[in-house]
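Asker: In the working numbering, the protein residues as written are 134 to 379.
#1: Which stretch, first to last residue, makes up the alpha helix (DSSP H) that contains residue 173?
#2: Taking the beta strand (DSSP E) that residue 236 belongs to, which residues open and close that run?
#3: Just curious, the alpha helix (DSSP H) that residue 163 is in, first and last residue?
#4: I think residue 354 touches residue 210, with their Cβ atoms under 8 Å apart; what is that distance to the nearest whole Å?
#5: Could you give the residue range of the beta strand (DSSP E) that holds residue 356?
#6: Going along the chain, which unbroken runs of the alpha helix (DSSP H) with 4 or more residues stay wholly within the segment 289-341?
#7: What's the gap between the Cα of residue 149 and the Cα of residue 156?
#8: So for residue 199, helix, strand or coil by DSSP?
#9: CA-CA distance, residue 216 and residue 240?
#10: With a threshold of 7 Å, establish whether the CB of residue 218 neighbours any heavy atom of the ligand HEM.
#11: So which of 172, 247 and 361 has the shortest CA-CA distance to residue 318?
#12: Between which two residues does the beta strand (DSSP E) containing residue 242 stretch?
#13: So for residue 137, helix, strand or coil by DSSP?
#14: Beta-carbon within less than 8 Å of residue 400's beta-carbon, same chain only, minus the 5 sequence neighbours each way: which residues are those?
#15: Name the DSSP beta bridge partners of residue 152, please?
#16: Run the CB neighbour count on residue 159, radius 10 Å, all protein chains shown included, and call it buried at 16 or more, exposed below.
#17: Please state whether DSSP places residue 220 in a helix, a strand or coil.
#18: Under the rule that 16 or more other beta-carbon atoms within 10 Å means buried, what is residue 249, buried or exposed?
#19: Can you tell me whether residue 330 is buried or exposed, with buried defined as 16 or more other CB within 10 angstroms of its CB?
Right, here's the structure in full:
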């Protein structure tokens, strides 16, 4: 039987006019469930195989959701994907009395994938979504680094060093230092919603990524902590990534 994926065209008959009209860029468009599109998006061959087998044989047409494929892919990627920090829509954070730290951060929390080295000063960048919720007097933790008490909230955030001790009540926020690279991540969504073409099915998210991203290879899938899995489409001075899934 033919398998339909909610919000995604699966047949050549439906895909071809989308290409001709310029609504998708080709059969490898990351919004399409073609083998080329799935590969470019960062869906592993093994995930596709397991998904197909999980559907079994049926004489009736079935409809599935893409998150079923994502769930299988996530289980396969989680133990092998190196971890990095990406900060979308970055806001500057200046930390008074911050110690100069040279630290090795694990490339994976449990698997033996090695380490990445960082050097920190008093200037950091944190996500706008986190910065907009900060309150003066609040203490946060820069993930895997140290604590910061917020002193001033505005276009930039000012704070002071508040110790190294890990406390569960402190919200953990990912960060990058001044030694970062600007990065764009393409985030695909369903091509169709409620039967209508989704004009917002492809978005670009700009931000900063830690320079350690240079240790990976183009085509590799990594996990940007607290953001999601990302396939590295291009490296260089301005890396380009494709959002795979959470």
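Think of the CB as a built atom: it goes at the ideal place given N, C-alpha and C, for glycine as much as any other residue.
Answerer: Once the coordinates are examined:
#1: 168-174
#2: 234-239
#3: Counting along the chain, residue 163 falls outside any alpha helix (DSSP H), and DSSP gives it neither H nor E.
#4: 6 Å
#5: 354-357
#6: none
#7: 10 Å
#8: helix
#9: 5 Å
#10: No copy of the ligand HEM appears in this structure; indeed no ligand is present at all.
#11: 361
#12: It is not in any beta strand (DSSP E) - residue 242 carries neither H nor E in the DSSP assignment.
#13: strand
#14: What the structure shows of the chain is the stretch from 134 to 379, and residue 400 is not part of that stretch, so it cannot be assessed.
#15: DSSP, once it has assigned bridges, lists no residue as partnering residue 152.
#16: exposed
#17: strand
#18: buried
#19: exposed
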